[in-house]
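**Q** Below you will find the structure I want to go over with you.
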Amino acid sequence: MIIDINFVGLIITSIMASSVPLILASCGELITERSGVLNLGVEGMMIIGAIAGFALMTVTGSLVIAVFGAMFAGVLISTIFAFLTQTLITNHVATGLALTIFGIGISAMIGKNFVGIPGKEFPILFGGLKDAIPFLSPILFGHSIVFYFAFALPFITNYFLKKTKIGLIVRAVGDSPDSASNQGINVRLVRYLCILYGGSMCGLAGAYLSMIYTPQWIENMTGGRGWIALALVVFSTWNPIKILIGAMIFGGLTIIQFHMQAIGVRIPVQFLTALPYIVTIIVLVVISRDSRKIRLSTPSSLGKSFYKDH
Amino acid sequence: MHKTLIRSFVSSLVFLFTFTVTAVAKDVKAAFVYIGPTGDHGWTYQHDVGRKAVEAAGYKTTYVEGVPESADAERVLRQLANSGHNIIFTTSFGYMNPTNKVAKEFPNVKFEHATGYKREHANVSTYAARFYEGRTILGTIAGSMTKSNVIGYVASFPIPEVIRGINSFTLAAQKVNPNIKTKIVWAFTWYDPGKEAEAAKALIDQGADIIAQHTDSTAIVQIAEKAGIFAFGQASDMDKFAPKAVLTSVENNWGPYYVDRVKALANGTWKQKDTWHGIGDGMVVISDLDSAIPADVRTKVNQLKKDLASGKVHSFTGPIYDQQGNLMVAEGKTADDGMLAGMMTYVKGVEGDIPK
Chain A
315 MIIDINFVGL IITSIMASSV PLILASCGEL ITERSGVLNL GVEGMMIIGA
365 IAGFALMTVT GSLVIAVFGA MFAGVLISTI FAFLTQTLIT NHVATGLALT
415 IFGIGISAMI GKNFVGIPGK EFPILFGGLK DAIPFLSPIL FGHSIVFYFA
465 FALPFITNYF LKKTKIGLIV RAVGDSPDSA SNQGINVRLV RYLCILYGGS
515 MCGLAGAYLS MIYTPQWIEN MTGGRGWIAL ALVVFSTWNP IKILIGAMIF
565 GGLTIIQFHM QAIGVRIPVQ FLTALPYIVT IIVLVVISRD SRKIRLSTPS
615 SLGKSFYKDH
Chain B
175 MHKTLIRSFV SSLVFLFTFT VTAVAKDVKA AFVYIGPTGD HGWTYQHDVG
225 RKAVEAAGYK TTYVEGVPES ADAERVLRQL ANSGHNIIFT TSFGYMNPTN
275 KVAKEFPNVK FEHATGYKRE HANVSTYAAR FYEGRTILGT IAGSMTKSNV
325 IGYVASFPIP EVIRGINSFT LAAQKVNPNI KTKIVWAFTW YDPGKEAEAA
375 KALIDQGADI IAQHTDSTAI VQIAEKAGIF AFGQASDMDK FAPKAVLTSV
425 ENNWGPYYVD RVKALANGTW KQKDTWHGIG DGMVVISDLD SAIPADVRTK
475 VNQLKKDLAS GKVHSFTGPI YDQQGNLMVA EGKTADDGML AGMMTYVKGV
525 EGDIPK
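As given, the protein sequences belong to chains A and B, one line each in that order.
Take any residue in the first sequence, count from 1 to its spot, add 314: that is its number in my numbering.
Take any residue in the second sequence, count from 1 to its spot, add 174: that is its number in my numbering.
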């Protein structure tokens, strides 16, 4: 088979489009985890964003309201998590799991009335340039604004964490809440805000699925992408730029596999489905062999409750 | 004191007895057990449309959704049978053993199991639809309308039902256009819009200009709409999701059968049977043909629909060869139901292997 350069461009475009929700959710969760909070409710927050976005789009007819509404819904549901883990000092893991189960259930309940309704078309940017340059055009042009935002987000997140004062505060809170607290930083407040920010990005990721990627509402439509996003944060060793690479790999696996099937190459599907998790475990094993590296990359207080505050 | 207690007990028993007897005679209560949520807009959704038809016919119904095909199914069935339901429809293949097991314990309750083949007790019936007849129509349309001669097909799991559909589709397409290729991608899911969309995109990128699907979500027809190509809807009429792309849909229409069976029970004429209905009996419905279908194809399809309904044409009419060129069905013969039910080989013209 002759490999056509345009064909490769199309595959890369598909991979990028499928990695958008992973990038958004992972970058949000990364900030949450950098502040020392482990929120396993990503899947639940995403599905809430998906139904909120779709429902608001159907009811109000406004895409802008729908997108921001989905982000707000993510904020709302993560507020529950923040209140429980930060104010009532519950266990992060258990609360996060509960959040996922809660999100899936309540989205199905709200979604009952929105099944079987077609979504609206989401406007694309630079649609006219779609065929201007071979190979590059489909990759660069003709996507939704959320798509461009997702690919800018890892760089913004990186800049935020490394170059800004607030980023430094977030890292300080995650690495040593006690010292941060002694420096006069309100640890609980910082963690609250980081959790809410993570919720908003997960909400946006869900809205991308239900409004842009496959414009429709179906129960459980996030299909485990929240868990992949969580694995991705670990895979990236809490580095936003690596999230970008990881999301392309994780998102690309299914697409490459489908293309191979259509060409006639067979790889066991079960293996490919498990691959993101296998890769994550390998990365974990590799980084945990080097105690210095793991100390440098993992937020030291990740998942630990912070009791003391002034 | 003692006597009055006994008397009141006996009288209440008598009352209860007469009450239940009349209840059985007059109000048949039907229960439905679903594998997925009624909100899937696919398989379960269509069964629930059937349930609503029973309700509209004046019978009481209940349903339990999202029941796993495990010991949970038995528990749910037992509970439904215990709580006064006279007929229970179990709407997924995996309920086969639980249905038969519970049916033994409740000989007075009728059980109707969809897509299965076990009828171990007199109170168990089975029913299924000949969806492959619908796929013969889709194949005919696809073969007539493709320009690239590459037709994409998103499949779910390698089971006879799906393979039968692929074969029926391909045979019909080849009949009108011997040059076509059916490219198959197995998504290994019944519904996951994201995955289905990715599978469809892969097929479109590889040159498919018409896509058929044997998965349940509407993601594929939406992708086809965006790409400006054609597609077919599955389970329900998907036209409103992709008005330009959807040429027609194969709809699962369970309502008439459900009403029929519940009425039969109410009239006392319910008998055990194995039902496999197709276009002729209205269990498989072809949605309105899109205006993009040329007039000559439309005429051909309408005739084919009539012939399939009357039995004049069979989807699997010989000679049919498998991929290695071995004869599966001889010239002039048609495949019998046993062969159709266990079909696990591709016919000649389908590309690739069946995944294991």
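We put the beta carbon where it would ideally sit given N, CA and C, even for glycine.
No experiment lies behind these values; they were computed from the predicted model shown.
1) Could you round the C-beta distance between G358(A) and I319(A) to whole angstroms and report it? I think they count as a contact, below 8 Å.
2) Consider the Cβ of S391(B): report whether some Cβ of chain A lies at a distance smaller than 8 Å.
3) How would you call P211(B), buried or exposed, if buried means at least 16 neighbouring beta carbons within 10 angstroms?
4) What does the Cβ neighbour count give for N500(B), buried or exposed, with the cut at 16 atoms within 10 Å?
5) Put M517(B) into one of helix, strand or coil per three-state DSSP.
6) Out of V298(B), Q348(B), S342(B), which has the shortest C-alpha to C-alpha gap to S318(B)?
7) Closer than 7 Å between beta carbons: that is the criterion. Which residues of the segment 506 to 535 of chain A meet it against chain B?
8) DSSP three-state call for T264(B): helix, strand or coil?
9) Using three-state DSSP, classify N341(B) as helix, strand or coil.
10) Report the residues of the segment 328 to 355 of chain A with a CB closer than 7 Å to any CB of chain B, ordered along the chain.
11) Below 8 Å on the Cβ atoms is my contact criterion, and I expect I557(A) with S340(A) to pass it. Report the Cβ-Cβ distance as a whole number of Å.
12) Scan the segment 376 to 388 of chain B for residues whose Cβ lies nearer than 7 Å to a Cβ of chain A and list them as they occur along the chain.
13) Check this for me: beta carbons of G419(A) and K618(A), under 8 Å apart or not?
14) Given this structure, state the Cα-to-Cα distance separating G516(B) from P334(B), to the nearest angstrom.
15) Could you name the residues of chain B that L324(A) contacts, counting a contact when the two beta carbons are closer than 7 Å?
16) Excluding five sequence neighbours on each side, which residues of the same chain lie with their C-beta closer than 7 Å to the C-beta of R304(B)?
17) Going straight from the alpha carbon of A247(B) to that of Q253(B), what length do you get?
18) Under 8 Å Cβ-Cβ, which residues of chain A neighbour K292(B)?
19) Thinking T414(A) and G355(A) are a contact (beta carbons under 8 Å), I'd like their distance in whole angstroms, please.
20) Excluding the 5 residues flanking V276(A) on each side, which residues of the same chain have their C-beta closer than 7 Å to its C-beta?
21) What does A532(B) reach in chain A if we use C-beta pairs closer than 9 Å?
22) Quick one: is L567(A) buried, meaning 16 or more other Cβ sit within 10 Å of its Cβ, or exposed?
23) Which value, in whole angstroms, describes the spacing of the CA atoms of V198(B) and T374(A)?
24) What residues in the segment 356 to 378 of chain B bring their beta carbon closer than 7 Å to a beta carbon of chain A?
25) Kindly list, in the order they appear in chain A, the residues whose Cβ is closer than 9 Å to that of Q408(B).
26) With three or more beta-carbon pairs closer than 8 Å as the criterion, would you say the segment 561 to 577 of chain A touches the segment 317 to 336 of chain A?
27) Is the CB-CB distance between M376(B) and F572(A) below 8 Å?
28) By DSSP, does H388(B) sit in helix, in strand, or in coil?
29) Residues of chain A with CB closer than 7 Å to the CB of G526(B), please, in chain order.
**A** Quick look at the numbers:
1) Residue 358(A) sits at position 44 when you count from the first residue of the first sequence. Residue 319(A) sits at position 5 when you count from the first residue of the first sequence. In fact, because the Cβ distance is near 41 Å, the residues do not count as touching under 8 Å.
2) Stepping through the second sequence from its first residue, residue 391(B) is reached at position 217. Chain A contact via Cβ: present.
3) Reading the second sequence from its first residue, position 37 is the one you call residue 211(B). The residue in question, P211(B), is buried, as its Cβ has 16 or more Cβ neighbours within 10 Å.
4) As a first step, residue 500(B) must be located in the second sequence, where it is residue number 326. N500(B) comes out exposed.
5) On the second sequence, position 343 is the one that residue 517(B) refers to. The DSSP-derived three-state label of M517(B) is coil.
6) In the second sequence, residue 318(B) corresponds to position 144, counting from 1. Of the listed residues, the one whose Cα sits closest to S318(B) is Q348(B).
7) L523, Y527, T528, P529, Q530, I532, E533, M535
8) Locating residue 264(B) in the second sequence gives position 90, where the first residue counts as 1. T264(B) falls in the strand class under three-state DSSP.
9) Sequence index remark: in the second sequence, residue 341(B) carries index 167 (1-based). Helix, per DSSP.
10) Those residues of the segment 328 to 355 of chain A placed with their C-beta closer than 7 Å to a C-beta in chain B are S328, S332, ordered along the chain.
11) Working through the first sequence from its first residue, we reach residue 557(A) at position 243. Working through the first sequence from its first residue, we reach residue 340(A) at position 26. With a Cβ gap of about 5 Å, I557(A) and S340(A) count as contacting.
12) Listed in sequence order: A376, L377, D379, Q380.
13) Sequence index remark: in the first sequence, residue 419(A) carries index 105 (1-based). Sequence index remark: in the first sequence, residue 618(A) carries index 304 (1-based). No, the pair does not count as a contact, with Cβ atoms beyond the cut-off.
14) As a first step, residue 516(B) must be located in the second sequence, where it is residue number 342. As a first step, residue 334(B) must be located in the second sequence, where it is residue number 160. Distance between the alpha carbons of G516(B) and P334(B) is about 6 Å.
15) On the first sequence, position 10 is the one that residue 324(A) refers to. Within 7 Å Cβ-Cβ: D379.
16) Against the second sequence, residue 304(B) aligns to sequence position 130. Around R304(B), the same chain offers W450, H451, G452, V458 as residues with beta carbons nearer than 7 Å, after the five sequence neighbours per side are excluded.
17) If you number the second sequence from 1, residue 247(B) lands on position 73. If you number the second sequence from 1, residue 253(B) lands on position 79. Approximately 10 Å between the Cα atoms of the pair.
18) Taking the second sequence and counting its residues from 1, one reaches residue 292(B) at position 118. Residues of chain A passing the Cβ test: none, with the nearest at roughly 28 Å.
19) Numbered from its first residue, the first sequence carries residue 414(A) at position 100. Numbered from its first residue, the first sequence carries residue 355(A) at position 41. Indeed they touch by this definition, with Cβ atoms about 5 Å apart.
20) With chain A covering 315 to 624 only, the question about residue 276(A) has no answer from this structure.
21) Not covered by the structure: residue 532(B). The range shown for chain B is 175 to 530.
22) Residue numbering aside, residue 567(A) sits at position 253 when the first sequence is read from its first letter. So L567(A) counts as buried.
23) Numbered from its first residue, the second sequence carries residue 198(B) at position 24. Numbered from its first residue, the first sequence carries residue 374(A) at position 60. In this prediction, V198(B) has a pLDDT of 44, which is less than 50 and means its spatial position is unreliable; what the coordinates show is noted afterwards. Cα-Cα distance, rounded: 48 Å.
24) K357, V359, W360, F362, Y365, D366, P367, G368, K369, A371, E372, A373, K375, A376, L377
25) Reading the second sequence from its first residue, position 234 is the one you call residue 408(B). Ordered by position in chain A, no residue passes the 9 Å Cβ test against Q408(B), which lies about 13 Å from the chain.
26) At 8 Å Cβ cutoff, the stretches touch.
27) Against the second sequence, residue 376(B) aligns to sequence position 202. Against the first sequence, residue 572(A) aligns to sequence position 258. In the sequence on display, residue 376(B) carries Ala and not Met. The answer is yes: Cβ separation under 8 Å.
28) In the second sequence, residue 388(B) corresponds to position 214, counting from 1. It is coil, neither helix nor strand.
29) For the purposes of this step, residue 526(B) is identified with residue 352 of the second sequence, where counting begins at 1. Here the neighbours are G578.
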